[in-house]
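What follows is a single structure, written as structure tokens, with notes after it.
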Amino acid sequence: MLEIKNLNIEFHDHLVPETVVHDLNLSVEQGEIVGLVGESGSGKSMTALAVAGLLRRHDMKKTGQILFEGQNLLECGRSELRKLQGSEISMIFQEPMTSLNPVRRIGWQVEEALKLHTELGKEERRARALEVLSQVELQDPERVYRAYPHELSGGMRQRVMIAAAIVCRPKLLIADEPTTALDVTIQAQIVRLLQKINRESRVAVLFISHDLSLVRQLCSRVAVMQNGYLVEAGNTEDIFRNPGEEYTRQLIAAIPKIERGGKEGNAT
Ligand SMILES: Nc1ncnc2c1ncn2[C@@H]1O[C@H](COP(=O)(O)OP(=O)(O)OP(=O)(O)O)[C@@H](O)[C@H]1O
Ligand SMILES: [Mg+2]
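Position one of the sequence shown corresponds to residue 164 (my numbering), numbered consecutively onward.
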């Protein structure tokens, strides 16, 4: 469904061009959850933003291909891209407060994509918004529908973001550190929610995280980036049990033992 081929991303905003993603190859199949990990600055967000069509600055150069159902997103016009954004490909970010509009009620914000991408009338939009608010397991969807962002907790806001992202039933959801700003209990709930949504609606997820134990729980495959290069990719369990690269080994070794599971974790 998504096939990234030989992707290069270069910045030209300094005297010397800087390549932040080098010759990246990565694919995501329909309904699959793929993890993207690597240290800070390794190029994960740049890759995600390029796929979501949100890296369209004039001082950047992107080469290669980002094929979404066979269509190269790097060659798409602005209006074609806008048609895909929020309907076929959606993105959720780390901090929901920056993506939610503080002066609009939640219902309005969840319905926004429906207004843009569907012919649904007012009542149908409201029904779909309430449906998706309950799908993300918000108690009392009617109340949340009428609330403003500041009236909700951080965890609830992230659920709202997920609801808004899936309201048009996208085929691909890109989640860039969706749980980093939340406490551990809420993190686990959001991960379970993404799992449930993936199962229910067969949406593929590209899950970006620093948290390798979350990635191991959630993702069937994982890709590891370092300094803009993909260093390793494959089946998550294979890579966790038997990392092929020293860099991956170090990332895994950095996970607290108790979370790592397996024999070693149990022994301590
Ligand atoms: N305007 C810019 N000009 C040049 N380089 C930039 C610019 N913006 C970002 N970068 C560089 O791009 C690289 C990749 O950044 P990116 O945000 O993709 O990393 P990341 O893997 O998402 O990190 P994190 O885990 O901290 O979110 C970084 O080294 C960053 O310094
Ligand atoms: Mg990032």
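All C-beta atoms in this analysis are idealised placements derived from N, C-alpha and C, irrespective of residue type, glycine included.
Source: prediction; values computed, not measured.
Under 8 Å between C-beta atoms of residue i and residue j
i	j	result
alanine 292	glycine 270	yes
glutamate 196	phenylalanine 403	Note that residue 196 is isoleucine in the sequence shown, not glutamate. Cβ distance not < 8 Å, so isoleucine 196 and phenylalanine 403 don't count as in contact.
alanine 386	leucine 375	no
alanine 215	isoleucine 252	yes
histidine 328	valine 368	Going by the sequence as given, residue 328 is alanine instead of histidine. The answer is no: Cβ separation not under 8 Å.
histidine 177	lysine 224	no
valine 184	methionine 209	yes
alanine 326	valine 266	no
asparagine 398	serine 205	no
leucine 296	glycine 227	no
isoleucine 418	proline 406	no
alanine 211	isoleucine 229	no
histidine 373	threonine 411	no
Residue(s) in a DSSP beta bridge with residue i
i	result
glutamine 228	Lys168
valine 387	Val200 and Glu395
aspartate 339	Ile371
glutamate 181	Phe174
Whole-number beta carbon distance between residue j and residue i, since they are thought to touch under 8 Å
i	j	result
arginine 379	alanine 396	Wrong, their Cβ atoms sit about 15 Å apart, outside the cutoff.
proline 333	serine 250	6 Å
methionine 388	leucine 199	7 Å
glycine 318	isoleucine 349	4 Å
glutamate 232	methionine 164	6 Å
threonine 268	glutamate 300	It is arginine, not threonine, that sits at residue 268 in the sequence shown. Incorrect: roughly 20 Å between the Cβ atoms, too far for contact.
leucine 335	valine 307	Rounded, the Cβ-Cβ distance is 25 Å, inconsistent with contact.
lysine 190	isoleucine 167	In the sequence on display, residue 190 carries serine and not lysine. Confirmed, Cβ separation roughly 7 Å.
glutamine 358	leucine 381	6 Å
histidine 280	cysteine 331	5 Å
leucine 263	arginine 320	6 Å
Short CB-CB distance (under 8 Å) between residue i and chain C
i	result
valine 347	In the structure shown, chain C cannot be found, because there is only a single protein chain.
Residue i Cβ short of 7 Å to ligand 3 heavy atom set
i	result
glycine 201	As presented, the structure is devoid of ligand 3, carrying ligand 1 and ligand 2 as its sole ligands.
For ligand 2, residues whose Cβ lies under 7 Å from any non-hydrogen atom:
Lys207, Ser208, Asp339, Glu340 and Ile371
Which whole runs of the beta strand (DSSP E) in the stretch 183 to 263 are 3 residues long or more, in chain order?
196 to 200, 223 to 231 and 252 to 255
Output the residue ranges of the alpha helix (DSSP H) runs that lie fully inside the stretch 312 to 359 and measure 4 residues or longer, sorted by chain position.
Complete alpha helix (DSSP H) runs here, min 4: 317 to 329.
Alpha helix (DSSP H) runs contained entirely in the stretch 262 to 290, provided each spans 4 or more residues
With a minimum length of 4 residues, the continuous alpha helix (DSSP H) runs that stay inside the stretch 262 to 290 are 269 to 280.
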